[in-house]
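If you read the sequences in order, they're chains A and B.
Position 32, counted from 1, in the first sequence is what numbering that gives the first Met the number 0 calls 31; the numbers after and before it change by one each time, with no gaps.
Position 201, counted from 1, in the second sequence is what numbering that gives the first Met the number 0 calls 200; the numbers after and before it change by one each time, with no gaps.
Contents: one structure, followed by commentary.
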Amino acid sequence: MTTIYIAIGFFALAALLGMYLLSFVLRGKETPKAIVFTHGPLAAIGIILLIVYILKGGPNPWESLVLFVLAALGGIYMVFRDLTGKPIPRLLAVGHGLLAVTGFVLLLVFALNG
Amino acid sequence: MKTQSFWEVTTPHRPEFPELEGNLDVDVAIIGGGITGITTALQLTDAGRSVAVLEARRVGGGTTGWSTGNLYVPTGAYYHKIQGSRDAETITSVAAARRSALDFIEQQTVQKKIDCHFSRRPWYFFTQEKDMVSTIEKEVEALQRAGMPVTFVDDIPLLPRARFQKAARMDGQARFHPLRYVLGIATDIASRGCQVYEHTTVIDLKEEKDHCTIQTNHGTVTCRQVVIATHIPIGIHTVQTVAAPHRSYVIAVKLKSGNYPDAYFWQNDTMHKAITTHSTDSMELDMLMIAGNHHKTGQASHQEYHHYFKELEDYARKHFDVASVEYRWSAQHYRSGDGVPYIGLTHKDARRTYIATGFYADGLIYGTVAGILLGDMLVGKENTWLKAFDATRGTNLATAATFVKENVNVAAQYLKDSPFSADAEHLSEISLGEGKVLEMDGEKVAVYRDENNHLHACSAVCTHMKCIVHWNNAENTWDCPCHGSRFMIDGSVIEGPAIANLETKQIDSSNGRLVKDERHHSGQRDLNNPIT
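Okay, here's the thing in structure tokens:
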């Protein structure tokens, strides 16, 4: 269960930075790239820890993993659009956040019940 | 002292070429009117193709007109290192190509009677440091293996024997006036039907199945083939992951003695210097130039860029009887992963789009090599140099380290773009003639205060791939540390891969805040601000 708690820590940090980034996207401003390239790796570490936990077998939060992976794909797509000069659709940014938050809540529920 | 290229000042009758007006249909469109683009246009015009050259600023006004006017077979990437990352066949091919390009330039100057001071002379390669002797030996051995007539010598015109450790000489190298040469060729091809356009900026380029479409600020060009001869391909391109941008510095000085050695010298010490001599308006030598002090663009180790010129001036005064420093300027070059330029089709699936980049600081000869090679490729003529220069060769194990190093460096530049990190907090911290990046209303803004106390503001976010630009106080430009795009104080593109200008910003002088502009979305570039 320790792995899950560490993963939650990484996801929580990623979420804080993500909300900060979302404020830039919603205001139509350039995102600070140091935050972009910290947010992504933090979330990626969380996903890796989650996979490690799931691979150990037993009851697992696979719904969270699916949601985080979908959110990650959306994030990579947004970074690609951002760096290549294409506008980031606000709906995509909000959707990316909602997917991740849903995954995070499900993960918390799983951890608390465990 | 303001930076000013010697070549620009000593070109008295500069021909003007028109702007593109309306749409155009040609066999080949060439983006960029430097030595690469103009040589390619020459070859294709000679082959009977209809050609249009699209130059964003002035013909020869980019790196060609800001070079050092030396023509030589050796290369700053060093043949022995190229052999290490490639093979012996490659260095033979590269050396043969460079020698042919030098002969080609001489032939053109004679045939077209171009007054560009072309003159053959020797190249010397020497060191004053014991530790660097092995580099001289290895390079001479590699050049000899490549079939070049280079020999060790015991005397060089600059120094007595006791003051250098090892020296080599190769005859038959040359000097010329690069801007006069390129303008001479451009004038010749324009008189023979090649369409040369200045102040015509390409803002989009597409390769279709049976043609290419180029959008410019003045019209659309449709063509069967396109050559991107812009030093580094404009826009986003995979070659930018290995072709690292560097700036180097030059000063031109007058000597009290008037005794200018007729040779080109490379001092291969820890701090590499190139020493050359040129003439202002005749064949008589009257100017000595010293070049060196490379650093990655936008990543100067000294915040005070003037340091680089000062160091060259100190060197000149230590070694020569300097009467006055007449000119000083800086130029950009791109280094390839394996030391050999990338010339040819832009990627493996491309059929109509060609590039030439990664010339190191040896671009006058490599630009000519590219022009000859691309000319052959575009008309379907076989050229044995292609194997060495092929732009689609990708990275091998030897260049993987360069790939990793360059991209880690780029990532590190992105990580500097954090909130609340700026050169200054308030506009009042910017002195007259100074530029600083400020964070205003959550945006990074590049602000320059001119000598009349007027503020010039634009977004500090590079339009190429969103790094934060840095102020270059020697040239009064905004330089991007990631891929080398450079911008003027009004945000207009000077060079590099960026296509769009930096977005202009308005500052409310009453409260020092940005005037709100709702036009832009996060991530979106401003294309509606062409170079004029």
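Using N, Cα and C, we set each Cβ at its ideal position, and we do this for glycine too.
Nearest CB-CB separation between residue 137(B) and chain A: not below the 8 Å threshold. Straight-line spacing of the CA atoms in residue 139(B) and residue 75(B) works out to 13 Å.
If you look at residue 6(B), you'll find it in the alpha helix (DSSP H) that goes 5–8. With respect to residue 243(B), residue 165(B) sits apart: the two C-beta atoms are not nearer than 8 Å.
Here residue 73(A) has 91, 94, 95, 98 as same chain residues with Cβ atoms under 8 Å from its own Cβ, once five neighbours each way along the sequence are excluded. Residue 323(B) and residue 220(B) have their C-alpha atoms some 48 Å from each other.
Under DSSP, residue 204(B) takes part in a beta bridge, and its partners are 213(B). Cα atoms of residue 512(B) and residue 500(B): separation of roughly 22 Å, rounded to the nearest angstrom.
Take residue 298(B), set aside five residues on each side of it, and the residues of its chain with a beta-carbon closer than 6 Å to its own are 480, in chain order. Taking 8 Å as the cut-off, the Cβ atoms of residue 34(A) and residue 110(A) do not count as close. Looking at the backbone, the Cα of residue 142(B) and that of residue 121(B) are separated by about 15 Å. Beta-bridge annotation (DSSP): residue 272(B) is paired with 266(B), 291(B). By the C-beta criterion, the region 8–24 of chain B is judged to be in contact with the region 187–197 of chain B, since at least 3 inter-stretch pairs fall below 8 Å. Between residue 449(B) and residue 436(B) the beta-carbon gap is near 17 Å, outside 8 Å, which marks them as no contact. Residue 442(B) is positioned such that its CB atom lies no closer than 8 Å to that of residue 419(B). Note on geometry: alpha-carbon atoms of residue 108(B) and residue 389(B) lie some 28 Å from one another. Residue 49(A) counts as buried, since at least 16 other C-beta atoms from the protein chains shown sit within 10 angstroms of its C-beta. According to the DSSP assignment, residue 416(B) belongs to no alpha helix (DSSP H), since it is labelled neither H nor E.
At a cut-off of 8 Å between beta-carbon atoms, residue 31(A) makes contact with chain B.
With contact defined as three or more Cβ pairs closer than 8 Å, the region 346–364 of chain B and the region 83–90 of chain B are not in contact. At a Cβ-Cβ threshold of 8 Å, residue 63(A) and residue 102(A) count as neighbours.
Looking only at 118(B), 268(B), 136(B), the smallest Cα-Cα distance to residue 176(B) is reached by 118(B). Distance from the CA atom of residue 334(B) to the CA atom of residue 36(B), rounded to whole angstroms, is 19 Å.
In the three-state reduction of the DSSP assignment, residue 23(B) falls in the strand class, which pools E and B. When the Cα atoms are used, residue 187(B) and residue 37(A) turn out to be separated by approximately 55 Å. Between residue 384(B) and residue 96(B) the beta-carbon gap is near 5 Å, inside 8 Å, which marks them as a contact. Contact between the region 37–50 of chain B and the region 370–385 of chain B is established, with three or more Cβ pairs separated by less than 8 Å. Residue 296(B) sits in coil when the DSSP states are folded into three classes, being neither helix nor strand. Residue 94(B) and residue 77(B) do not touch by the CB rule: their CB atoms are close to 12 Å apart, not below 8 Å.
Closest in alpha carbon position to residue 463(B), among 440(B), 235(B), 395(B), is 235(B).
Listed along chain A is no residue with a C-beta nearer than 8 Å to that of residue 488(B); the closest approach is about 20 Å.
By the rule that beta-carbons nearer than 8 Å mark a contact, residue 97(A) does not touch chain B. Boundaries of the alpha helix (DSSP H) around residue 311(B): 305–318. The C-beta distance from residue 150(B) to residue 161(B) rounds to 20 Å, too long to meet the 8 Å contact threshold. Distance from the Cα of residue 246(B) is smallest, within the candidate group 260(B), 256(B), 163(B), 330(B), for 330(B).
Between residue 36(A) and chain B, the shortest Cβ-Cβ separation is below 8 Å.
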